[in-house]
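Trainee: Quick one: the structure is below, questions incoming.
Numbering (my numbering), first residue to last: 792 to 1152.
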């Protein structure tokens, strides 16, 4: 669904918990509304299905097996399945469904030409400005080796903003290299700040990496953003899941992330069909409001660059700038500064996209 101001929402309908939702989607013959018995209704619209979703690459693969929109940006999982899903004693994160999807909804292997072809169509027809590349765990820690040539070629041909989400690499200089390649965002999904819950929910990550390594790598990458370029912005995210630990622990994680200049990405736990936590109840909205209010206020207090990139609306999380309505604090000066930065970033990003070679279509 698309809400006011272009905010995108991925709405669960298949999962059993959705039947308990107090929200109802209604069609009055001309418009869509989300209604709540006690809170009234708001108008929404359905996100238009991209035409390229029904197309195939020249290789014959469906384009949606290479990448899909996650709101207004393109998400690509370019490599093999996370190895925590493999072997007789799987150590995958208990909430995760990647191992259930890769090879079915998502192609297990994606060639560079296929990636470029899909990006080109998404750029031309969906107006994307950002592509997010995601990998899982590999024992040999080769995930950045696989991504670097793809990132280099995509940046050269398109000028789009690029993001990387992988486990923390032991060689921190690799992140300097990513920045030099034109990567604009790195993200580290440690998911839970409570050490005990981290081990329970993310056994593979806890054994192979440990929470401290995630935090230390995040800290280092955040330090690389001390000198920013409007033309090639650099952002570090720490990603956490609200609803799998106490709200107090999630808010402590927000404080830890923002303390080093990184920006929290907070998603709400959603028990997906087929996962180990399928039967777990998602958190209540009332318990999440203070968490997302704190997310916005912590980012504004630290003067972090939220909401600056053009045409990025995320369907799976509530971004910090989208939480402004939950706070009664004005942050007037910080909001003025962000608007000026936003104008400069928009101009630089669209200028770079126009100057780049056209992507392969």
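We put the CB at the ideal spot given by N, CA and C, even for glycine.
For clarity, every value in this text was computed on a predicted model and none was experimentally measured.
1) Would residue 1055 pass as a contact of residue 1031 if the rule is Cβ separation under 8 Å?
2) At which residue ranges does the region 915 to 980 contain complete alpha helix (DSSP H) runs of 4 or more residues, listed in the order of the chain?
3) Identify whether residue 1025 lies in helix, strand or coil by the three-state DSSP scheme.
4) Using the C-alpha atoms, what's the distance from residue 1016 back to residue 1128?
5) So the candidates are 1122, 1077, 1085, 939; which of them puts its Cα closest to the Cα of residue 957?
6) DSSP beta-bridge partners for residue 1058?
7) One question on the structure: do residue 922 and residue 864 come within less than 8 Å of each other, judged by their Cβ atoms?
8) Could you check if residue 1010 is buried or exposed, using at least 16 other CB atoms within 10 Å of its CB as the buried criterion?
9) Return the CA-CA distance between residue 981 and residue 1146, expressed in angstroms with no decimal places.
10) If you draw a straight line from the alpha carbon of residue 932 to that of residue 968, how long is it in whole angstroms?
11) By DSSP's criteria, residue 1049 is part of a beta bridge. Which residues make up the other side?
12) Which of the three DSSP states, helix, strand or coil, is assigned to residue 873?
13) With residue 985 and residue 1040 assumed to form a contact (beta carbons below 8 Å), what rounded beta-carbon distance in angstroms separates them?
14) Does the structure place the region 1062 to 1079 close enough to the region 800 to 818 that three or more beta carbon pairs sit under 8 Å?
15) Would you decide whether residue 975 is buried or exposed? Buried here means 16 or more other CB atoms lie within 10 Å of its CB.
16) Take residue 1170 and list the residues in its own chain whose beta-carbon comes closer than 6 Å to its own, dropping the five residues that flank it on each side.
17) Please confirm whether residue 1084 and residue 1035 have their CB atoms less than 8 Å apart.
18) Following the continuous alpha helix (DSSP H) through residue 857, name the residue where it begins and the one where it ends.
19) What residues in its chain sit with their C-beta under 7 Å from that of residue 1150, if we drop five residues either side in the sequence?
20) Count the CB pairs spanning the region 1069 to 1078 and the region 1093 to 1111 that are closer than 8 Å, and state whether there are at least three.
21) Please state whether the Cβ-Cβ distance between residue 1052 and residue 1109 is less than 8 Å.
22) Go ahead and label residue 857 buried or exposed: buried means 16 or more other beta carbons lie within 10 angstroms of its beta carbon, across all protein chains shown.
23) If you check the beta carbons only, do residue 960 and residue 875 fall under 8 Å apart?
24) Where residue 1079 and residue 888 are concerned, what is the direct C-alpha to C-alpha distance, given to the nearest angstrom?
25) Output the residue ranges of the alpha helix (DSSP H) runs that lie fully inside the region 1060 to 1100 and measure 4 residues or longer, sorted by chain position.
26) By Cβ distance, which residues of its chain are closer than 7 Å to residue 1112, with the 5 residues on each side in sequence left out?
27) Bridge partners for residue 825 per DSSP, in chain order?
28) If residue 1105 and residue 799 are in contact, beta carbons under 8 Å, what's the gap, nearest whole angstrom?
29) Quick check on DSSP: helix, strand or coil for residue 793?
30) Can you find the residues in the same chain that come closer than 7 Å, C-beta to C-beta, to residue 853, ignoring five residues on each side of it along the sequence?
31) Using the beta-carbon count (16 or more within 10 Å), is residue 1152 buried or exposed?
32) Return the residue from the list 838, 879, 812, 883 that minimises the CA-CA distance to residue 826.
33) If we call anything under 8 Å between Cβ atoms a contact, is residue 1114 one with residue 1087?
34) So what's residue 900 in DSSP terms, helix, strand or just coil?
35) Which same chain residues end up closer than 7 Å to residue 1067 when comparing Cβ atoms and leaving out the 5 residues on each side of it in sequence?
36) Give the DSSP-derived three-state secondary structure of residue 847 in the structure shown.
Mentor: To lay it out plainly:
1) Counted from its first residue, the chain shown places residue 1055 at position 264. Counted from its first residue, the chain shown places residue 1031 at position 240. Yes; because the gap between Cβ atoms is below 8 Å, this pair is in contact.
2) Segments of the alpha helix (DSSP H) lying fully in the region 915 to 980: 934 to 949, 964 to 972.
3) Numbered from 1 along the chain shown, position 234 holds the residue referred to as residue 1025. Of the three classes helix, strand and coil, the one that applies to residue 1025 here is coil, per DSSP.
4) Counting from one through the chain shown, the residue named residue 1128 turns up at place 337. Counting from one through the chain shown, the residue named residue 1016 turns up at place 225. If you take the alpha carbons of residue 1128 and residue 1016, they lie about 18 Å apart.
5) As a working note, residue 957 is residue 166 in the chain shown. The shortest C-alpha separation from residue 957 is found at 939.
6) Locating residue 1058 in the chain shown gives position 267, counting from the first residue. Secondary-structure assignment with DSSP links residue 1058 through a beta bridge to 1032.
7) Along the chain shown, one-based indexing puts residue 922 at 131. Along the chain shown, one-based indexing puts residue 864 at 73. Taking 8 Å as the Cβ cut-off, residue 922 and residue 864 qualify as a contacting pair.
8) Start at 1 with the first residue of the chain shown, and residue 1010 comes out as number 219. Buried, because 16 or more other Cβ atoms sit within 10 Å of the Cβ of residue 1010.
9) For this step, residue 981 is matched to residue 190 along the chain shown. For this step, residue 1146 is matched to residue 355 along the chain shown. Put simply, the backbone Cα of residue 981 is about 37 Å away from that of residue 1146.
10) Here residue 932 corresponds to residue number 141 of the chain shown, with the count starting at 1. Here residue 968 corresponds to residue number 177 of the chain shown, with the count starting at 1. Looking at the two C-alpha atoms, the distance is approximately 16 Å.
11) Position 258 of the chain shown, counted from the start, is the residue given in the question as residue 1049. None, per the DSSP bridge assignment.
12) The residue labelled residue 873 in the question sits at position 82 within the chain shown. The answer is coil: DSSP assigns residue 873 none of H, G, I, E or B.
13) The residue given as residue 985 occupies position 194 in the chain shown. The residue given as residue 1040 occupies position 249 in the chain shown. Residue 985 to residue 1040, Cβ: 5 Å. Contact.
14) Verdict: yes, contact present.
15) Your numbering for residue 975 matches position 184 in the chain shown. Buried: at least 16 other Cβ atoms inside 10 Å.
16) Given a span of 792 to 1152 for the chain in the structure shown, any question on residue 1170 remains unanswerable.
17) Locating residue 1084 in the chain shown gives position 293, where the first residue counts as 1. Locating residue 1035 in the chain shown gives position 244, where the first residue counts as 1. Contact flag unset, no.
18) Along the chain shown, read from residue 1 onward, the residue named residue 857 stands at position 66. Unbroken run through residue 857: none, as it is neither H nor E.
19) On the chain shown, position 359 is the one that residue 1150 refers to. In this prediction, residue 1150 scores a pLDDT of 48, lower than 50, which makes its location untrustworthy; the coordinate-derived value is nonetheless stated afterwards. Answer for residue 1150: 907, 910, 911, 914, 948, 949, listed in chain order.
20) The region 1069 to 1078 vs the region 1093 to 1111: no contact.
21) Reading the chain shown from its first residue, position 261 is the one you call residue 1052. Reading the chain shown from its first residue, position 318 is the one you call residue 1109. In this structure, residue 1109 does not lie closer than 8 Å to residue 1052 by Cβ.
22) Taking the first residue of the chain shown as position 1, residue 857 is located at position 66. Using a 10 angstroms sphere on the CB of residue 857, the tally of other CB atoms reaches 16 or more, which defines it as buried.
23) For the purposes of this step, residue 960 is identified with residue 169 of the chain shown, where counting begins at 1. For the purposes of this step, residue 875 is identified with residue 84 of the chain shown, where counting begins at 1. Between residue 960 and residue 875, the CB-CB gap reaches or exceeds 8 Å.
24) Stepping through the chain shown from its first residue, residue 1079 is reached at position 288. Stepping through the chain shown from its first residue, residue 888 is reached at position 97. Roughly 23 Å separates the two Cα atoms.
25) Counting only runs of 4 or more, we get 1076 to 1092.
26) Reading the chain shown from its first residue, position 321 is the one you call residue 1112. Cβ within range, chain order: 1097, 1098.
27) Start at 1 with the first residue of the chain shown, and residue 825 comes out as number 34. The partner list for residue 825 (beta bridge, DSSP) reads 816, 833.
28) Mapped onto the chain shown, residue 1105 falls at position 314. Mapped onto the chain shown, residue 799 falls at position 8. With a Cβ gap of about 7 Å, residue 1105 and residue 799 count as contacting.
29) In the chain shown, residue 793 corresponds to position 2, counting from 1. DSSP places residue 793 in strand when its eight states are reduced to three.
30) In the chain shown, residue 853 corresponds to position 62, counting from 1. Hits under 7 Å: 847.
31) As a position in the chain shown, residue 1152 is number 361, starting the count at 1. With a pLDDT of 48 at residue 1152, under the threshold of 50, the modelled position of that residue is not reliable, and no figure is offered here.
32) Stepping through the chain shown from its first residue, residue 826 is reached at position 35. The shortest C-alpha separation from residue 826 is found at 812.
33) In the chain shown, the residue the question calls residue 1114 occupies position 323. In the chain shown, the residue the question calls residue 1087 occupies position 296. Yes, they are a contact pair.
34) Position 109 of the chain shown, counted from the first residue, corresponds to residue 900. Reduced to three states, the DSSP call for residue 900 is coil.
35) The count along the chain shown starts at 1 and reaches residue 1067 at position 276. Cβ within range, chain order: 885.
36) Within the chain shown, the letter at position 56 stands for residue 847. Under the three-state reduction of DSSP, residue 847 is assigned to strand.
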